[in-house]
Amino acid sequence: MDIKFDYTNLFRHSKMEKGVSKEQFKSEKELCEIAKNLFAAKKSTDPLGFCELPDQSVEHILAYIKKIENRFDTMVVLGIGGSALGNKAVYKAIKTQKKLKQLYVYDNVCPYFWDEILTTINPEKTIFNVISKSGTTAETSASFMFIIDYLKKNFPADYKDRLIITTDKEKGFLRKIVETEGFQGFIVPDNVGGRFSVLTDVGLVSSAFVRIDIKGLLAGAKAMRKHCDEQDIMKNPAMIIALSHILYMQAGKNISVMMPYCNALYDMADWYRQIWGESLGKRYSLDGKEVCVGQTPVQALGTTDQHSQVQLYVEGPKDKIFTFVMVENFKKDYTIPNIFTDRKEVNYLCGKPFSALLNAECLATELALTEVGNPNLMIKMKEISEENIGAFIYLYEAATAFAGYMLNINPLDQPGVEAGKIATYALMNKEGFDTEREKIKKYIENKDNQGDILCID
Numbered sequence: 042m043d044i045k046f047d048y049t050n051l052f053r054h055s056k057m058e059k060g061v062s063k064e065q066f067k068s069e070k071e072l073c074e075i076a077k078n079l080f081a082a083k084k085s086t087d088p089l090g091f092c093e094l095p096d097q098s099v100e101h102i103l104a105y106i107k108k109i110e111n112r113f114d115t116m117v118v119l120g121i122g123g124s125a126l127g128n129k130a131v132y133k134a135i136k137t138q139k140k141l142k143q144l145y146v147y148d149n150v151c152p153y154f155w156d157e158i159l160t161t162i163n164p165e166k167t168i169f170n171v172i173s174k175s176g177t178t179a180e181t182s183a184s185f186m187f188i189i190d191y192l193k194k195n196f197p198a199d200y201k202d203r204l205i206i207t208t209d210k211e212k213g214f215l216r217k218i219v220e221t222e223g224f225q226g227f228i229v230p231d232n233v234g235g236r237f238s239v240l241t242d243v244g245l246v247s248s249a250f251v252r253i254d255i256k257g258l259l260a261g262a263k264a265m266r267k268h269c270d271e272q273d274i275m276k277n278p279a280m281i282i283a284l285s286h287i288l289y290m291q292a293g294k295n296i297s298v299m300m301p302y303c304n305a306l307y308d309m310a311d312w313y314r315q316i317w318g319e320s321l322g323k324r325y326s327l328d329g330k331e332v333c334v335g336q337t338p339v340q341a342l343g344t345t346d347q348h349s350q351v352q353l354y355v356e357g358p359k360d361k362i363f364t365f366v367m368v369e370n371f372k373k374d375y376t377i378p379n380i381f382t383d384r385k386e387v388n389y390l391c392g393k394p395f396s397a398l399l400n401a402e403c404l405a406t407e408l409a410l411t412e413v414g415n416p417n418l419m420i421k422m423k424e425i426s427e428e429n430i431g432a433f434i435y436l437y438e439a440a441t442a443f444a445g446y447m448l449n450i451n452p453l454d455q456p457g458v459e460a461g462k463i464a465t466y467a468l469m470n471k472e473g474f475d476t477e478r479e480k481i482k483k484y485i486e487n488k489d490n491q492g493d494i495l496c497i498d
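In short: position in the sequence shown from 1, add 41, done, that's this note's numbering.
Written as structure tokens, this is what we have:
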């Protein structure tokens with residue numbers, strides 16, 4: 042693991058009218074202690090098992106992958122949310138470093154998406170991995186039903202060899218399917234929540250299949266865990282992230298922007314967007330009070346979003362805190378040719394690598410935001426590697442948990458998501474949701490009769 046964590050620009054300086062001073066930051070020991078104590082206490086009762094994942098054995102995964110590695114060159118993951126985003130993020134990051142097999146993640150029920158995948162893959166060489174803890178998530182259930190029918194029709198003799206099911210160890214619809222029909226099964230652990238599950242079978246199976254070093258991912262997470270266990274606040278990167286974001290949120294900075302300067306890390310920002318938003322956006326505190334807290338996470342991409350969002354970030358409302366992610370050494374790089382050397386408009390670029398331009402733009406944006414008083418921090422990876430990606434994942438899982446307990450909310454549940462699931466069940470006429478269905482029917486009727494609807498022909 043080789044990561045630099047630069048938090049210099051988090052603290053109030055001459056250009057920042059309102060900000061957190063380093064002295065104030067250091068004085069928040071009580072809040073940090075509360076978070077640490079809650080974290081320790083909840084380990085035995087809530088799904089905080091991500092802390093133990095760096096120590097797990099992955100031999101069961103590697104043994105299975107060895108059996109199928111010569112038969113399939115593509116995997117399609119059928120999952121959504123925590124069963125999808127981590128898989129995509131790790132794959133996109135590492136595929137820039139080495140030649141990998143193909144991975145597609147079907148995480149939306151849009152029929153155009155299905156058509157895109159089915160017309161792209163070679164079905165003969167494709168294995169499907171259905172991931173759902175409960176086994177009843179509507180989107181994943183629909184995908185599972187579709188693909189098992191597809192496989193039975195197209196590969197009747199060996200369809201069971203072409204489907205993996207990753208679900209609860211003991212209960213649920215999908216676990217019953219594994220046990221009664223003989224599909225290869227993997228486990229979503231009881232003590233690890235979905236959005237924290239990328240370093241479980243949920244994410245490691247697909248990573249191992251495409252030839253990512255999953256032991257390297259866990260080694261990086263283990264190395265980062267040591268830093269996140271530091272008692273000194275100023276030496277604990279997860280605590281610094283959590284505390285700075287909470288203090289600035291309380292000061293009115295309700296938006297957290299993560300902006301990697303590397304296309305390969307854009308999906309890591311997408312993964313962050315879920316874990317931060319779903320974990321911290323809560324209506325009620327741990328003691329039952331209505332608090333309606335949360336910080337809106339936004340993903341951006343340098344340099345692309347310097348030409349779309351940075352104008353807002355520099356001159357717009359001072360309601361944001363920023364995280365830059367930079368890569369120092371690119372395994373693959375290209376040099377700008379020495380042409381137009383006589384034209385001063387562009388000759389300053391001649392002979393320079395694209396990575397130098399990219400990282401200069403990152404520093405330029407950091408300077409521009411700092412100059413107008415926006416707090417920001419920088420995470421620098423020496424290179425993209427399994428160890429650094431594993432470390433990054435663990436860092437933000439720990440930071441998210443700490444931030445939740447600083448806010449005195451449960452960072453591990455998602456009641457707002459569950460409400461949407463229930464409404465979907467009712468709309469799709471699932472048995473047992475008659476009361477919800479009547480409420481929705483009245484809502485639609487009122488909207489049709491009294492709503493403000495403009496029909497454009």
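Ideal Cβ placement from N, Cα and C applies to all residues, glycine included. Keep in mind that this is a model prediction, so the values were computed, not measured.
Go through its chain and collect everything with a Cβ distance to residue i's Cβ below 7 angstroms, but skip five positions before and after it.
i, result
"Tyr200", "Leu192 and Lys193"
"Tyr289", "Val61, Ile362 and Pro416"
"Asn429", "Met42, Asp43, Ile44, Gly261 and Met422"
"Leu327", "Asn449, Ile450 and Asn451"
Along the beta strand (DSSP E) that carries residue i, what are the first and last residues, could you check?
i, result
"Arg324", "Lys323 to Tyr325"
"Pro338", "Thr337 to Gln340"
"Asp47", "Ile44 to Asp47"
"Gln347", "First-last for Gln347: undefined, no H or E at that position."
"Leu418", "Asn417 to Met422"
"Val332", "Glu331 to Val334"
"Met299", "Ile296 to Pro301"
"Phe154", "Not the beta strand (DSSP E): Phe154 falls in the alpha helix (DSSP H), residues Pro152 to Leu159."
"Lys361", "Lys361 to Val368"
"Gln225", "Gln225 to Val229"
Compare the C-alpha of residue i against each of the options and name the closest.
i, options, result
"Gly223", "Asp202, Asp231 and Val243", "Asp202"
"Thr167", "Phe91, Tyr153, Ile188 and Ser175", "Ile188"
"Arg236", "Gln315, Ile255 and Pro230", "Gln315"
"Asp53", "Leu418, Asp475, Ile494 and Met469", "Correcting the residue identity first, residue 53 is Arg in this sequence and not Asp. Out of Leu418, Asp475, Ile494 and Met469, Leu418 has the C-alpha closest to the C-alpha of Arg53."
"Gln455", "Lys323, Ala401, Leu306 and Met275", "Lys323"
"Trp509", "Ala292, Ala130, Ile430 and Glu71", "With the chain running from 42 to 498 in the structure shown, residue 509 is simply not present."
"Thr221", "Gly244, Asp308, Ile206 and Asp489", "Ile206"
"Lys423", "Val339, Gly445 and Phe371", "Phe371"
"Gln291", "Leu390, Lys256 and Leu448", "Leu448"
"Tyr147", "Ala125, Arg478 and Leu79", "Ala125"
"Ala310", "Val339, Ile296 and Ile282", "Val339"
"Ile255", "Val387, Gly335, Met42 and Ile102", "Ile102"
"Ser182", "Arg216, Glu386 and Ala198", "Arg216"
"Gly120", "Glu69, Thr177 and Leu94", "Thr177"
"Ile450", "Asn487, Asn111, Tyr132 and Gln336", "Gln336"
"Val171", "Thr345, Asp156, Ile485 and Ile228", "Ile228"
"Met367", "Lys77, Pro301 and Asp242", "Pro301"
"Arg252", "Gln138, Ser297, Ile162 and Lys276", "Gln138"
"Ser173", "Ile281, Thr208 and Phe154", "Thr208"
"Phe365", "Glu356, Leu144, Leu404 and Ala397", "Leu404"
"Thr345", "Gly244, Pro152, Thr382 and Glu402", "Glu402"
"Pro378", "Glu369, Glu386, Phe395 and Lys385", "Phe395"
Terminal residues of the continuous alpha helix (DSSP H) containing residue i?
i, result
"Ile450", "Careful: Ile450 lies outside any alpha helix (DSSP H) and carries neither H nor E."
"Glu407", "Phe395 to Glu412"
"Gln291", "Pro278 to Gln291"
"Ile485", "Asp475 to Gln491"
"Ile255", "Ile255 to Cys269"
"Phe250", "Asp242 to Phe250"
"Glu472", "Counting along the chain, Glu472 falls outside any alpha helix (DSSP H), and DSSP gives it neither H nor E."
"Gln65", "Lys63 to Ser68"
If you drop the 5 nearest sequence neighbours on each side, which residues of the same chain put their C-beta closer than 6 angstroms to that of residue i?
i, result
"Leu72", "Met447"
"Asp114", "Lys142 and Lys166"
"Leu79", "Tyr446"
"Leu399", "Tyr302"
Flag residue i as yes when its Cβ comes closer than 6 angstroms to any non-hydrogen atom of the ligand PLP, and as no otherwise.
i, result
"Met300", "Ligands in the displayed structure: none, and consequently the ligand PLP is not present."
By Cβ distance below 8 angstroms, which residues in the same chain neighbour residue i in space, the five residues on each side in sequence not counted?
i, result
"Arg266", "Cys92, Pro95, Tyr435 and Ala439"
Any chance the stretch 453 to 471 sits against the stretch 327 to 340, with 3 or more Cβ pairs inside 8 angstroms? no
Quick check: the stretch 361 to 376 against the stretch 397 to 417, are there 3 or more CB pairs under 8 angstroms? yes
Below 8 angstroms, how does it come out for the stretch 396 to 413 and the stretch 431 to 451: are there three or more Cβ pairs, yes or no? At 8 angstroms Cβ cutoff, the stretches do not touch.
Only counting runs of 4 or more residues, tell me where the alpha helix (DSSP H) segments fall wholly within the stretch 74 to 146, in order along the chain. 100 to 109 and 126 to 135
Between the stretch 88 to 100 and the stretch 256 to 266, can you find at least three pairs of beta-carbon atoms closer than 8 angstroms? With three or more CB-CB distances shorter than 8 angstroms, the stretch 256 to 266 counts as touching the stretch 88 to 100.
Write down every uninterrupted run of the beta strand (DSSP E) in the stretch 165 to 213 whose length is 3 residues or greater and which is fully enclosed by it, in chain order. 167 to 172 and 204 to 209
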